[in-house]
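Enquirer: Structure in structure tokens, see below.
Protein chains: 2
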Amino acid sequence: MKRESLPAQAATLVYAPSGTHVLADLSGIAAEKLSDCAALETLLRNAAEAAHAHVLFSHFHAFGEGQGVTGVVLLAESHITIHTWPERGFAAADIFMCGSAQPELALALIKKALQPQAAHVHTARRGPP
Amino acid sequence: MKRESLPAQAATLVYAPSGTHVLADLSGIAAEKLSDCAALETLLRNAAEAAHAHVLFSHFHAFGEGQGVTGVVLLAESHITIHTWPERGFAAADIFMCGSAQPELALALIKKALQPQAAHVHTARRGPP
Numbered sequence: 028m029k030r031e032s033l034p035a036q037a038a039t040l041v042y043a044p045s046g047t048h049v050l051a052d053l054s055g056i057a058a059e060k061l062s063d064c065a066a067l068e069t070l071l072r073n074a075a076e077a078a079h080a081h082v083l084f085s086h087f088h089a090f091g092e093g094q095g096v097t098g099v100v101l102l103a104e105s106h107i108t109i110h111t112w113p114e115r116g117f118a119a120a121d122i123f124m125c126g127s128a129q130p131e132l133a134l135a136l137i138k139k140a141l142q143p144q145a146a147h148v149h150t151a152r153r154g155p156p
Numbered sequence: 028m029k030r031e032s033l034p035a036q037a038a039t040l041v042y043a044p045s046g047t048h049v050l051a052d053l054s055g056i057a058a059e060k061l062s063d064c065a066a067l068e069t070l071l072r073n074a075a076e077a078a079h080a081h082v083l084f085s086h087f088h089a090f091g092e093g094q095g096v097t098g099v100v101l102l103a104e105s106h107i108t109i110h111t112w113p114e115r116g117f118a119a120a121d122i123f124m125c126g127s128a129q130p131e132l133a134l135a136l137i138k139k140a141l142q143p144q145a146a147h148v149h150t151a152r153r154g155p156p
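Each protein sequence line maps, in turn, to chains A and B.
Numbering (my numbering) for the first sequence: 28 to 156.
Numbering (my numbering) for the second sequence: 28 to 156.
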């Protein structure tokens, strides 16, 4: 687990509160891709970088051999999370980014790696009124 | 920071992948409530328990004295996150729970503690097709 990666720059970056939140329900994924905790952590950290976001911290939890994984990458720009159910070939990913980061680039990398047969993607704008 | 709280029961709980994701944009909050990292971590852990969810882990990051906080509580049922901007009186909270947990009870506790003047709440159903 890569628990701490707090470059001084990212740890103090402050962005405006308006952002984009992408909720991606990904189905038809090979089970082995959804139970590999280390690979999913590396994937989501790489996805953050692909989106030009700054990683503060990550933590991933495996529910057991061959079972699902739940994990988070905290960003200076907000977060990426994933929750997986290998027995259903399903992953729920969230990509929430403020500032100039581009969540669609993170999602593209996640989809390229997990190769879902179907993706239901919902995008919400967040921020103060 | 309460980094590890992995009761053996919660660490291995497995829920069906269908769930409810509540996105709450909360505005008009007193700045001092949004920069207190320890209080926000306690609040979100208590909110998880109020919703009958099982906490796996939490991590909260303060961007600096009087500045915002970004944090996550990973749950056996998915997650709660919060990102705050005290200078704008704004917090973006996410409550994503599968199984029989009740995210609306978590949101009620968060709103009671933060006392936002306005709340824009969007609820999405998540899960396989």
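Where a beta carbon is used, it is the ideal one built from N, C-alpha and C, also for glycine.
For the alpha helix (DSSP H) that contains residue 75/B, what are its first and last residues?
Expert: 64-77
Enquirer: For the ligand COA, any of its heavy atoms closer than 8 Å to the Cβ of residue 133/B?
Expert: Ligands in the displayed structure: none, and consequently the ligand COA is not present.
Enquirer: Look up residue 51/B in the DSSP assignment and say whether it is helix, strand or coil.
Expert: strand
Enquirer: Using DSSP with H/G/I as helix, E/B as strand and the rest coil, what is residue 135/A?
Expert: helix
Enquirer: Assess contact between the region 121-131 of chain A and the region 102-110 of chain A, defined as three or more Cβ pairs (one per stretch) separated by less than 8 Å. Is contact present?
Expert: yes
Enquirer: Going by C-alpha to C-alpha distance, which of 58/A, 42/A, 79/A, 43/A sits closest to residue 113/A?
Expert: 58/A
Enquirer: DSSP state of residue 142/A, grouped into three classes?
Expert: coil
Enquirer: What residues from the region 84-110 of chain A come within 7 Å of chain B, judged by C-beta to C-beta, listed N to C?
Expert: Interface annotation for the region 84-110 of chain A against chain B: 84, 86, 88, 90, 91, 94, 95, 97, 99, 101, 105, 106, 108, 110, criterion Cβ-Cβ distance under 7 Å.
Enquirer: Going by C-alpha to C-alpha distance, which of 90/B, 102/B, 41/B, 117/B sits closest to residue 73/B?
Expert: Selected option, being the one with the closest Cα: 102/B.
Enquirer: State the start and end residues of the unbroken beta strand (DSSP E) segment that holds residue 120/A.
Expert: Its beta strand (DSSP E) spans residues 117-125.
Enquirer: Using a Cβ-Cβ distance under 9 Å, would residue 41/A count as near chain B?
Expert: yes
Enquirer: Per DSSP, which one or two residues make a beta bridge with residue 98/A?
Expert: Residue pairing by DSSP puts residue 98/A in a beta bridge opposite 87/A, 109/A.
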